[in-house]
Amino acid sequence: MTNEQPRPDRILEIANGYWATGILGVAAKYALFTHLEAGADTAGRLAAETGMSERGAQTLLDGLAGLALVEVHDGGYRNTAEASAFLVAGRRADLSGYAKLKFAQMDKLANLPEVFHTGGPVQAMTEVADNPHWEEVVPAIAAQSVPVAVTAAELLGLADAGEVSILDLGGGSAIFSSIWLELNPSARSTQLDWEPINAIARRLLKERHVADRFTSVDGDLHSVDFGTATHDIVVYSHVAHQESAEDNTAIFARARRALKPGGTFVVCDYVVDDDRSGPFFPLLFASEMLLKSRKGGTWRQSDYRSWLAEAGFEDVSFHATPSPATLVFAR
Ligand SMILES: C[S@@+](CC[C@H](N)C(=O)[O-])C[C@H]1O[C@@H](n2cnc3c(N)ncnc32)[C@H](O)[C@@H]1O
Numbered sequence: 149m150t151n152e153q154p155r156p157d158r159i160l161e162i163a164n165g166y167w168a169t170g171i172l173g174v175a176a177k178y179a180l181f182t183h184l185e186a187g188a189d190t191a192g193r194l195a196a197e198t199g200m201s202e203r204g205a206q207t208l209l210d211g212l213a214g215l216a217l218v219e220v221h222d223g224g225y226r227n228t229a230e231a232s233a234f235l236v237a238g239r240r241a242d243l244s245g246y247a248k249l250k251f252a253q254m255d256k257l258a259n260l261p262e263v264f265h266t267g268g269p270v271q272a273m274t275e276v277a278d279n280p281h282w283e284e285v286v287p288a289i290a291a292q293s294v295p296v297a298v299t300a301a302e303l304l305g306l307a308d309a310g311e312v313s314i315l316d317l318g319g320g321s322a323i324f325s326s327i328w329l330e331l332n333p334s335a336r337s338t339q340l341d342w343e344p345i346n347a348i349a350r351r352l353l354k355e356r357h358v359a360d361r362f363t364s365v366d367g368d369l370h371s372v373d374f375g376t377a378t379h380d381i382v383v384y385s386h387v388a389h390q391e392s393a394e395d396n397t398a399i400f401a402r403a404r405r406a407l408k409p410g411g412t413f414v415v416c417d418y419v420v421d422d423d424r425s426g427p428f429f430p431l432l433f434a435s436e437m438l439l440k441s442r443k444g445g446t447w448r449q450s451d452y453r454s455w456l457a458e459a460g461f462e463d464v465s466f467h468a469t470p471s472p473a474t475l476v477f478a479r
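Counting in my numbering, the sequence shown runs from 149 upward without gaps.
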């Protein structure tokens, strides 16, 4: 028998996508994956550890098993390898904060019909200076860049690069600086971001014992001087998607000026195929930018190529990462 008849399953799953956001968000709130990792492997034990009702714990475990984030094992439950790597507290790539943030933001979807109708946000978030939105978002999203920063360091040979100077534009929680300064004890990094965000970054880098090689500059990346021939690497991670084509091109030109000869501009973002057929995550993330930014979106490879060429870069390459983000290197 062939399987050619369309089935409704996937559409039913998509329409109920909020179950997944809710189940993951609540599991993260109760640190369920952390308790599972520590050996609490039944609904009864997890209820005792978390203060959740046993009925709630069992229902949550059922949902997480359905989502393939936990698995039944020896009459109890355990984390899948994925949950163990990315949802356990204390691990560097822990996405629990991200899951809680997404769950907390679910009410924003009520604005979507208007946002799609007008083609822009009800209330722009990304353009507003010192917006408390960033203080909430930035620590929660840093974990997603951990595998990307590690991949970029490998591709750039950063650990053995000696005394390099790094400028991170909109560095947020300084996740790139944190990982790179640890990998290369001779590297120094400067981050440009809003003042309250730089304060968060400095605190986090102090915890990692690399704050002595980190400088922060407070202000707007549209206007603060990036310097001339000052840095070996300039990073622009998850900022291009909030900016317009014109602003990205102008920022790329200023980033090029800030680079020493032979330096590398590193863009990290969700990049869409030129024919807009994929990948999945960048295609969907464009809606997030419609909801939150006036002119942002997820941009195609061809957009980056033309903006970088206009900014004076000659050598551009795209690199897949073990995450939905792509790295773009320009020299
Ligand atoms: C989506 S976060 C990315 C953070 C970090 N680069 C990462 O990949 O995790 C965007 C960052 O850019 C900063 N930002 C946005 N617009 C800015 C502006 N006009 N001037 C300075 N910083 C800005 C935000 O405060 C935030 O830290």
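By construction, the Cβ of each residue, glycine as well, lies at the ideal position given by its N, Cα and C atoms.
On a predicted model such as this, the values are computed, not experimentally measured, just so you know.
Less than 7 Å between the beta carbons of residue i and residue j, yes or no?
i           : j           : result
residue 389 : residue 417 : yes
residue 288 : residue 245 : yes
residue 438 : residue 263 : yes
residue 353 : residue 347 : no
residue 205 : residue 191 : yes
residue 302 : residue 334 : no
residue 200 : residue 178 : yes
residue 295 : residue 465 : no
residue 283 : residue 344 : yes
residue 382 : residue 398 : no
residue 307 : residue 475 : no
Kindly indicate which three-state DSSP category residue i falls into: helix, strand or coil?
i           : result
residue 296 : helix
residue 240 : coil
residue 462 : coil
residue 174 : helix
residue 476 : strand
residue 448 : strand
residue 468 : strand
residue 200 : coil
residue 247 : helix
Contact defined as beta carbons within less than 8 Å: I believe residue i pairs with residue j. What is the distance between those atoms, to the nearest angstrom?
i           : j           : result
residue 337 : residue 329 : 6 Å
residue 194 : residue 180 : 6 Å
residue 123 : residue 207 : Nothing about residue 123 can be read from this structure; the chain reaches only from 149 to 479.
residue 235 : residue 171 : In fact, because the Cβ distance is near 12 Å, the residues do not count as touching under 8 Å.
residue 323 : residue 364 : In fact, because the Cβ distance is near 14 Å, the residues do not count as touching under 8 Å.
residue 237 : residue 218 : Actually they do not touch by this definition, with Cβ atoms about 16 Å apart.
Any beta carbon of chain C sitting closer than 7 Å to that of residue i?
i           : result
residue 400 : Given the protein chain composition of this structure (a single chain), no chain C is represented.
With a cut-off of 8 Å, do at least 3 Cβ pairs link the stretch 450-461 to the stretch 404-424?
yes
Just checking, does the stretch 385-405 make contact with the stretch 437-448 on the three C-beta pairs under 8 Å criterion?
yes
I'd like the ranges of any beta strand (DSSP E) spanning at least 3 consecutive residues and lying wholly in the stretch 365-434.
379-385, 407-417
Whole runs of the beta strand (DSSP E) within the stretch 206-238, excluding any shorter than 3 residues
218-221, 224-227
With a floor of 4 residues, list each alpha helix (DSSP H) that falls wholly inside the stretch 282-363, ordered by position along the chain.
294-304, 323-331, 343-355
Just checking, does the stretch 243-258 make contact with the stretch 418-429 on the three C-beta pairs under 8 Å criterion?
no
Inter-stretch contact at 8 Å, needing at least 3 Cβ pairs: the stretch 268-275 / the stretch 447-455:
no
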